[in-house]
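Colleague: Questions regarding the structure given below will be posed in turn.
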Amino acid sequence: MQIEVEKIARSPSRTGRELQRYNLDRRQVVGCIPYRFIEKTGCCSSFSVVDELEVLLISSQKSEKMMFPKGGWESDESMEQAVLREALEEAGVTGQVEHELGKWSYKSKSQDKMHDGFMFPLLVDQELDHWPEKDFRKRKWVRIIPSFLEHLLFLAFNAGKILSNPDF
């Protein structure tokens, strides 16, 4: 897999819609929340303690707006492969794709069409110096404070309910 990562990292991002998946005229999109744990060791201890959680945000190609990596799920790849490809192309990271957090639907900003999105956590194990969209995006690791993490987890577990019920 390491050889393939390096090959993809030095190639341009996929473009076009020829392989794009659709379901009932809705473009199928995958995204991820790249994260890592920061371990710190105490002065008198040999154990490491997970002290902080960080998530990776990337800038939009067209603005400074920060977001999570996401993009089209293509017909020649599994959902997990699409998540890994988008994370590598847009953020320059690889890792372990975990269980699906949820599905959401949204209207395209550029077209009058709806998209279905699927979001996954990605435990990052490698951050590359070179990746396909390096010249177009900035990336920033952001520390998540414990109280915010509780709210984030609540939203992740209730995303479907919140999005489908405006009175939630």
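Under full-length UniProt numbering, the first residue of the sequence shown is numbered 1, with each subsequent residue one higher.
We put the CB at the ideal spot given by N, CA and C, even for glycine.
Quick one: what's got a C-beta closer than 7 Å to Ser60's C-beta in the same chain, skipping five residues either side?
Modeller: Met67, listed in sequence order.
Colleague: State yes or no: is the C-beta of Glu54 within less than 7 Å of the C-beta of Arg36?
Modeller: Result yes, Cβ atoms of Glu54 and Arg36 sit closer than 7 Å.
Colleague: Just confirm the distance between the C-beta atoms of Lys70 and Gly117, as a whole number of angstroms; I'd bet it's less than 8 Å.
Modeller: Confirmed, about 7 Å.
Colleague: Mapping the DSSP letters down to three states, classify Phe168 as helix, strand or coil.
Modeller: Only weak support exists for where Phe168 lies, its pLDDT of 44 falling under 50; the value from the coordinates is given anyway. If DSSP states are grouped into helix, strand and coil, Phe168 belongs with coil.
Colleague: Below 6 Å CB to CB, which residues in the same chain sit around Glu127 once its five sequence neighbours on both sides are set aside?
Modeller: Val93, listed in sequence order.
Colleague: Once the 5 residues before and after Gln96 are set aside, which same chain residues still bring their CB inside 6 Å of it?
Modeller: The residues are Leu123.
Colleague: Tell me whether Arg85 sits in a helix, a strand or coil according to DSSP, three-state version.
Modeller: Helix at Arg85.
Colleague: Please determine, among Leu153, Ala82, Phe120, the residue with the shortest C-alpha to C-alpha distance to Gln20.
Modeller: Of the candidates Leu153, Ala82, Phe120, the one whose C-alpha sits nearest the C-alpha of Gln20 is Ala82.
Colleague: What are the complete beta strand (DSSP E) segments, minimum 3 residues, inside the segment 89–132?
Modeller: Correct list: 93–97, 102–107, 114–127.
Colleague: Along the chain, where does the beta strand (DSSP E) that runs through Ile144 open and close?
Modeller: Here the beta strand (DSSP E) through Ile144 covers 139–144.
Colleague: Could you tell me the alpha carbon to alpha carbon distance between residue 173 and Ser75, rounded to whole angstroms?
Modeller: An answer regarding residue 173 cannot be provided, because it is not within the stretch 1 to 168 covered by the chain.
Colleague: Would you call the CB atoms of residue 169 and Glu89 closer than 7 Å?
Modeller: Residue numbering for the chain in the displayed model covers 1 to 168; residue 169 lies beyond these limits and cannot be assessed.
Colleague: Who does Ser59 pair with in a DSSP beta bridge?
Modeller: DSSP, once it has assigned bridges, lists Met66 as partnering Ser59.
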